[in-house]
Amino acid sequence: MQKDKTPREKHPSAFEPMTLILNIALSVFGAMIGMQLITSLGVTPSTSIIGAIAAMLIARIPMEIFSKYRSTHRQNLVQTSISSATFGAANSLLIPIGIPFAMNMPELIIPMLIGAGLAMFVDTALLYKLFDSKIFPASGTWAPGVATAEAIIAGDKGGKRGVLLGVGTGAGLLGSYLGISMSAFGVAFIGNIWALTMFGIGLLLRQYSVPLFNQDLNALYIPHGFMIGAGIVALFQVAFIILKKKKPAAATAGNANNPEDSYTQNEKTTSRILGLGFVAYLVVALIVALAGGLMTDMSFGMLIGFLLFAAFAAYVHELIVGIAAMHSGWFPAFAIALITLIIGMMIGFPPVALALLVGFSAATGPAFADMGYDLKTGYILRGQGADAALEVDGRKQQYITGLIAFGVALITVAFSYQSFFSQGLIPPVDKVYASTIAAGTSPEVAKQLFLWAIPGALLQLIGGSNRQLGVMFATGLLILNPNAGWAVLAGILIRFVVLKVKGKQAESTLSILAAGFIAGDALYSFCNSLIKFAKK
Numbered sequence: 045m046q047k048d049k050t051p052r053e054k055h056p057s058a059f060e061p062m063t064l065i066l067n068i069a070l071s072v073f074g075a076m077i078g079m080q081l082i083t084s085l086g087v088t089p090s091t092s093i094i095g096a097i098a099a100m101l102i103a104r105i106p107m108e109i110f111s112k113y114r115s116t117h118r119q120n121l122v123q124t125s126i127s128s129a130t131f132g133a134a135n136s137l138l139i140p141i142g143i144p145f146a147m148n149m150p151e152l153i154i155p156m157l158i159g160a161g162l163a164m165f166v167d168t169a170l171l172y173k174l175f176d177s178k179i180f181p182a183s184g185t186w187a188p189g190v191a192t193a194e195a196i197i198a199g200d201k202g203g204k205r206g207v208l209l210g211v212g213t214g215a216g217l218l219g220s221y222l223g224i225s226m227s228a229f230g231v232a233f234i235g236n237i238w239a240l241t242m243f244g245i246g247l248l249l250r251q252y253s254v255p256l257f258n259q260d261l262n263a264l265y266i267p268h269g270f271m272i273g274a275g276i277v278a279l280f281q282v283a284f285i286i287l288k289k290k291k292p293a294a295a296t297a298g299n300a301n302n303p304e305d306s307y308t309q310n311e312k313t314t315s316r317i318l319g320l321g322f323v324a325y326l327v328v329a330l331i332v333a334l335a336g337g338l339m340t341d342m343s344f345g346m347l348i349g350f351l352l353f354a355a356f357a358a359y360v361h362e363l364i365v366g367i368a369a370m371h372s373g374w375f376p377a378f379a380i381a382l383i384t385l386i387i388g389m390m391i392g393f394p395p396v397a398l399a400l401l402v403g404f405s406a407a408t409g410p411a412f413a414d415m416g417y418d419l420k421t422g423y424i425l426r427g428q429g430a431d432a433a434l435e436v437d438g439r440k441q442q443y444i445t446g447l448i449a450f451g452v453a454l455i456t457v458a459f460s461y462q463s464f465f466s467q468g469l470i471p472p473v474d475k476v477y478a479s480t481i482a483a484g485t486s487p488e489v490a491k492q493l494f495l496w497a498i499p500g501a502l503l504q505l506i507g508g509s510n511r512q513l514g515v516m517f518a519t520g521l522l523i524l525n526p527n528a529g530w531a532v533l534a535g536i537l538i539r540f541v542v543l544k545v546k547g548k549q550a551e552s553t554l555s556i557l558a559a560g561f562i563a564g565d566a567l568y569s570f571c572n573s574l575i576k577f578a579k580k
């Protein structure tokens, strides 16, 4: 039998001189934008779409040196770099180091920066190794990644797909201008219906709890309790998936024809990576504790307890943020870090340890989720695993690009944080963490958390690991976004009706439109944030 000698497509390298220079430049831009917006507005808009548009515009510059950027794979590397740098600088680095500043503990800023930087790189490595495993499948929703991929494909191929994406993007821009959460509306067209229904109900309950029940759910710690219960069960479900014996009829890894049942990473590899991840977080927690001087503030027994709890909290924080990001495109990283802080306060850790604990926890998750979105974009652009070698190589090049971008973000933050802090510019959420530590906690808070953890655990148990009902309901309860719940439920209803009338052939059209809605929302959010910042 004659072998097929057709040359396989080779993925561009992240170290190509022009690509490397462009990605570093965009990473600096993304890092500065992320820092500016997180300190002035408290949010970090997605810059993946911005990076994709920048790459497409560069490809159209009539010079030979830029012609290589007509490659969708190079455009993918460009958007990966700016997206990684934005979230890395703002969410993974500036928020953690702003906590000791808000608590008037400037001596902890450098130790926290070291710990947050290490946690960010561990975060990224774990997602890279866990992407396309049974826990975090490449076939998962990862909605922002789908939107970016569709934008790049539309720019490359045009045609009907380009028209649909353009219509969706226009609708996304208009809806966002009118105050509708178009990202929530769009994700309803492509995500798990059960998970998103619970997410939408949670959003509505958070929005209307005061007018309907005359109670602020957040003030009663109900969302936090739900997430604790759901998160604990989710952790056991992850362990069960890993330990469950594989059925003989299961498909082999790398089979692109059945992505739901076959993964790049098998259970054995996943188990090993998760174990190494916990050890890595334990080492980072030790470095943070030593650099922060906890040896002098805590007994040996309390120090050991702190290390174990900090590593466990960071580990769980990352998994929950990843699950929420994969299913909904949103992740309540701030709120989950606050839960970690509250539990740490109940244990009785001193203020210095609490500042380091919540900063360490907050540093994990955002980079994990963002890398998931970027790898989903690449997965679609590379043919959804049809060429296993191309997929593995492309994923590696994206990971290298992300590491470079995170390195640029770390250097940018290290050299510019003093300029921000000297002007009193810190992320608003840091003031919440600082005031929570100052206020302390009470037995009543512990009672509320335990009470509401029970229904959260039951809901997660009933839904199972595929639907993630408890985690997604708790995610909705933790996020206050006016009318986002209505947008999610309306999108699910429209999707159900269209598929009922048109059948499964309508799924492709709905997915492209959804990508447009999400892209339009991201563009509007980014531009609106810049306008607001300019007015300040």
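Taking our numbering, I'd label the letters of the sequence shown as residues 45 to 580. Positions of the beta carbon are idealized from the N, C-alpha and C atoms, including for glycine.
- In the DSSP assignment, Phe175 forms a beta bridge with Phe180.
- Comparing alpha-carbon positions, the option among Ala232, Lys312 and Ile97 lying closest to Ala193 turns out to be Ile97.
- Approximately 11 Å separates the beta-carbon atoms of Met390 and Leu398; this is outside 8 Å, ruling out the contact.
- The way I'd put it, the stretch 270-277 does touch the stretch 507-520; three or more beta-carbon pairs between them come closer than 8 Å.
- The three-state reading of DSSP puts Asp474 in helix, counting H, G and I together.
- The C-alpha of Phe353 lies about 13 Å from the C-alpha of Ala381.
- Taking the Cα of Leu401 as reference, the smallest distance to any Cα among Val452, Ala329 and Ala433 is reached at Ala329.
- When the Cα atoms are used, Ala413 and Asn135 turn out to be separated by approximately 11 Å.
- Less than 8 Å separates the beta-carbon of Ala369 from that of Gly416.
- Three or more beta-carbon pairs drawn from the stretch 227-236 and the stretch 560-570 are found closer than 8 Å, and the two stretches are therefore classed as touching.
- Rounded to the nearest whole angstrom, the CA to CA distance from Lys544 to Thr553 is 14 Å.
- Taken through DSSP and simplified to helix, strand or coil, Arg426 comes out as coil.
- Going by C-alpha positions, Asp341 is about 25 Å away from Ala490.
- Ranked by Cα distance from Ala482, the options Lys440, Pro395, Asn527 and Trp530 are led by Pro395.
- The alpha carbon of Glu151 has as its nearest neighbour, out of Leu334, Phe243 and Arg114, the alpha carbon of Leu334.
- Take Pro472, set aside five residues on each side of it, and the residues of its chain with a beta-carbon closer than 7 Å to its own are Gly86, in chain order.
- Distance from the CA atom of Lys420 to the CA atom of Pro140, rounded to whole angstroms, is 27 Å.
- Note that the stretch 237-250 touches the stretch 520-530; at least 3 beta-carbon pairs, one per stretch, sit closer than 8 Å.
- In this structure, the alpha-carbon of Gly484 lies about 25 Å from that of Gly159.
- Per DSSP, Pro394 is not a residue of any alpha helix (DSSP H), being assigned neither H nor E.
- It is roughly 33 Å from the alpha-carbon of Ser253 to the alpha-carbon of Pro144.
- About 7 Å separates the beta carbons of Gly223 and Asn527, which is inside the 8 Å limit, making them a contact pair.
- Closest in C-alpha terms to Ser509, from the list Ala283, Phe243 and Thr456, comes Ala283.
- With contacts defined as CB atoms closer than 8 Å, Ala406 and Gly132 fail to qualify as a contacting pair.
- For the pair Gly409 and Glu362, the Cα-to-Cα distance works out to about 4 Å.
- Here Leu66 is buried: its Cβ has 16 or more other Cβ atoms, across all protein chains shown, within 10 Å.
- DSSP, reduced to helix, strand and coil, places Ser315 within a helical segment of the structure shown.
- When the alpha-carbon of Gly529 is set against those of Ala239, Ile82 and Gly210, the nearest one is in Ala239.
- Fully contained in the stretch 82-107 are the following alpha helix (DSSP H) runs of length 4 or more, in chain order: 92-103.
- For Gly507, the secondary structure class from DSSP, reduced to helix, strand or coil, is helix.
- Annotated three-state conformation of Asp431 is coil, per DSSP.
- Annotated three-state conformation of Asn67 is helix, per DSSP.
- When secondary structure is reduced to three states using DSSP, Ala278 falls in the helix class.
- Taking 8 Å as the cut-off, the beta carbon of Ala58 is found closer than this to the beta carbon of Leu121.
- Within the model, the alpha-carbon separation for Gly319 versus Ala358 is close to 13 Å.
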